[in-house]
Amino acid sequence: MTGPDAGAPDRAVADRLAEVVRDEHGRVLSVLIRELRDFDLAEDALADAVAEALPAWTRDGIPDRPGGWLLTVARRRGIDRMRRADAARRAVAKLDLPGVEPAAEDVIVVEPESAVVDERLRLMFTCCHPALSVEAQIALTLRTIAGLTAGEIARAFLVSEAAMERRLGRARAKIRDANIPYRIPPDHQLPDRLGAVLHVIELVFNEGYLPAIGDALVHDALCEEAIRLARVLLELVPDEAEAMGLLALLEVQHARRRTRVDATGALVTLEHQDRARWDHAAIAAGATTVETALRRGTPGRYQLQAAIAALHGTAATWGDTDWPQIAALYGELLRLRPTPVVALNRAVAVAMAQGPEAGLALLAELDDALAGYHLLHATRGELSLRAGRAADAVAAFDRALESVTNETERAHLVRRRAEAANA
6 MTGPDAGAPD RAVADRLAEV VRDEHGRVLS VLIRELRDFD LAEDALADAV
56 AEALPAWTRD GIPDRPGGWL LTVARRRGID RMRRADAARR AVAKLDLPGV
106 EPAAEDVIVV EPESAVVDER LRLMFTCCHP ALSVEAQIAL TLRTIAGLTA
156 GEIARAFLVS EAAMERRLGR ARAKIRDANI PYRIPPDHQL PDRLGAVLHV
206 IELVFNEGYL PAIGDALVHD ALCEEAIRLA RVLLELVPDE AEAMGLLALL
256 EVQHARRRTR VDATGALVTL EHQDRARWDH AAIAAGATTV ETALRRGTPG
306 RYQLQAAIAA LHGTAATWGD TDWPQIAALY GELLRLRPTP VVALNRAVAV
356 AMAQGPEAGL ALLAELDDAL AGYHLLHATR GELSLRAGRA ADAVAAFDRA
406 LESVTNETER AHLVRRRAEA ANA
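Take the sequence shown: its letters are residues 6 to 428, numbered as in our numbering.
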């Protein structure tokens, strides 16, 4: 236990507990699911441990290894729940779990760089089993690995929280009832799941890079978790160019984390970020990785996105950015992945390469597909300002403010609307 925290007030303990749960959720839950063989039981046991932690840590002090404390207590509570169930005796015997509770000080340490990292990758491959729908794969992985709530995932899928709870429940039940193994599949089955695993790692990073809701613009722990998983995955499939591309993309994006907000917490756009404070070693490493991947001659979405990010990251100034090349890369990406969001990004690049009117013309084609997407309207506001259409910019920022949910983004849009109104 850490001495200075022994008498910490409840608020300080609660804040520390929330931080530990955010950082350790995927790691601890992965171990519990493997040992207890039941997603619901593992989640309930972890919830029990979290509930027990606040009074225990307030009374006894915050443990030196709080993640290990949660794992030990959750394991114990999971076994308790199994014992109370009708089939508890058979289940405990089958799992070959210890029949006595571990001592309170017998904390199993979960180190960040231990084999438990592989436990999370195993869980990810389990969640991404082809027997589940793609939506269920992604939702279940975001719930277990990233620790997102059903409500947060529901917002990403544009469904109700109740509907998402049902979807998650059905996915967990299918894994349990079909006895889907908790393991990385053999080599011949990897291609069936690799695309989904890459996708969910990207989504975990995105939730840390730009949380859908809340006050923070960046959650470093989620970003770093996604990068760690991408590295472990690349070790598993070292010849996969898209795995290389994803790792490169995440590393280059994360290299700008210190400059995305200012000292007051306000959003700083790419154009105005202090490039001297970027992690240029990470950018160089990512650029090298994506160059290696592209030389394989099988360009994919992650390689192209990484190449775009590297062009941004290696430009000495905003004015030095190679916008024609970025626009061309987005054109190729749109061919491979014809989604409205990719088209929106291409419109921005075209606007920077050819002028704001060219970009605004492309945005008009996306009104139906992205009517409720705040970034479409925010982009229209920015390009309208560049084109000298202040009134159009104000109207666009008003539309963006109707649907934005991240408070840091909202504050930025309010500022930009005011600047447009005074232009």
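The C-beta atom is built at its ideal place from N, Cα and C for all residues, glycine as well.
*Rounded C-alpha distance that separates Arg81 from Leu75*: 10 Å
*Answer with buried or exposed for Ala155, where buried requires no fewer than 16 other C-beta atoms within 10 angstroms of its C-beta.*
buried
*Only counting runs of 4 or more residues, tell me where the alpha helix (DSSP H) segments fall wholly within the segment 278–322, in order along the chain.*
285–299, 306–319
*Pair every Cβ in the segment 270–282 with every Cβ in the segment 328–346, then say whether three or more of these pairs are closer than 8 Å.*
Fewer than three beta-carbon pairs drawn from the segment 270–282 and the segment 328–346 are found closer than 8 Å, and the two stretches are therefore not classed as touching.
*asked:* Spatial neighbours of Pro361 within its chain, please: C-beta separation below 6 Å, excluding the five flanking residues on both sides.
replied: Leu388, Arg391, Ala392.
_For the structure I just gave you, are there three or more beta carbon pairs, one from the segment 281–288 and one from the segment 227–247, closer than 8 Å?_
no
*If we ignore side chains and look at the alpha-carbon of each, how far apart do Arg198 and Cys133 end up?*
So the alpha carbons of these two residues sit roughly 6 Å apart.
*Taking one C-beta from the segment 394–402 and one from the segment 241–253 each time, how about it: are there three or more such pairs within less than 8 Å?*
no
*Rounded to the nearest angstrom, how far is the Cβ of Gly305 from that of Ala348, given a contact under 8 Å?*
Between the beta-carbon of Gly305 and that of Ala348 there is about 18 Å, and that puts the pair past the 8 Å contact cut.
*Can you name the residues that DSSP bridges to Asn184?*
Asn184 is not bridged by DSSP to any residue.
*Distance between Glu29 and Leu41 (C-alpha atoms, nearest Å)*: 18 Å
_Does Pro186 pass the burial test, meaning 16 or more other C-beta atoms within 10 Å, or should it be called exposed?_
exposed
*Taking the alpha helix (DSSP H) that Asp28 falls in, what are its first and last residues?*
15–41
_Considering only DSSP beta bridges, list what Val266 is partnered with._
Note: Val266 sits in a beta bridge opposite Leu272.
*Report yes if the CB atom of Val419 is closer than 8 Å to the CB atom of Thr384, and no otherwise.*
no
_Let's test the definition: count the other Cβ atoms within 10 Å of the Cβ of Gly213 and tell me whether it reaches 16, buried, or not, exposed._
Gly213 should be labelled buried.
_Secondary structure of Asn350, DSSP reduced to three states_ = helix
*In angstroms with no decimal places, state the Cα-to-Cα distance between Thr274 and Gly291.*
21 Å
_Backbone CA spacing between Gly302 and Asp53 [nearest angstrom]_ = 51 Å
*Taking the CB atoms as reference points, tell me whether Arg27 and Gly152 lie closer together than 8 Å.*
yes
*For Asn427, which three-state DSSP category applies?*
coil
*Are there 16 or more other CB atoms within 10 angstroms of the CB of His193, so buried, or fewer, so exposed?*
exposed
*For Pro9, which residues of its own chain have a beta-carbon under 6 Å away from its beta-carbon, when the five flanking residues on both sides are left out?*
Residue confidence is low: Pro9 scores 47 on pLDDT, short of 50, so the model does not pin down where it sits. Its coordinate-derived value is still stated next. There are no such residues.
*On a CA-only basis, which of Ile38, Glu414, Asp225 is nearest Leu272? Give me that one, please.*
Residue Glu414 is the option with its Cα nearest to Leu272.
_8 Å contact criterion, which Leu234 and Leu128 should meet: CB distance rounded_ = The pair is not a contact, with the Cβ atoms about 10 Å apart (cut-off 8 Å).
*Spatial neighbours of Met357 in its chain, beta-carbon cut-off 6 Å, leaving aside the 5 residues before and after*: Trp328
*Near Val209, which residues of its chain fall below 8 Å by C-beta distance, leaving aside the five closest residues on each side in sequence?*
Thr146, Leu147, Ile150, Ala151, Leu227, Glu230, Ala231, Leu234
*Selected residue, minimal CA-CA separation from Ala58, among Arg39, Ala79, Gly324, Phe44*: Checked all of Arg39, Ala79, Gly324, Phe44; the closest Cα to Ala58 is Ala79.
*What is the rounded straight-line gap between the Cα of Gly200 and the Cα of Ser138?*
Spanning the two alpha carbons is a distance of roughly 13 Å.
*asked:* Please tell me whether Ala268 and Ala287 are closer than 8 Å, where the distance is taken between their beta carbons.
replied: no
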